[in-house]
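Residue numbers (my numbering): 382 to 441.
Every residue gets a Cβ at the ideal spot worked out from N, C-alpha and C, and that includes glycine.
One structure is given here, and the rest of the page talks about it.
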């Protein structure tokens, strides 16, 4: 059977890469264990403040 050709320049592939570049890893300690969250750069400040308000300890 024949194969279907795929486009070389996929817009979805580039949007996935750009989204990954804008993501930031936030490590924190909560409920007795270390946890990791991936947050967009634009919401990083608010996310960190919200974590601190819940009693979490930021590890980075």
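- For residue 425 against residue 409, the beta-carbon gap comes to about 12 Å, at or over 8 Å, which does not count as contact.
- Between the alpha carbons of residue 434 and residue 420 lies a gap of roughly 17 Å.
- Secondary structure remark: continuous alpha helix (DSSP H) runs of at least 4 residues inside the stretch 408-439, in chain order: 425-434.
- For the pair residue 437 and residue 411, the Cα-to-Cα distance works out to about 5 Å.
- For the pair residue 439 and residue 429, the CB atoms are nearer than the 8 Å cut-off.
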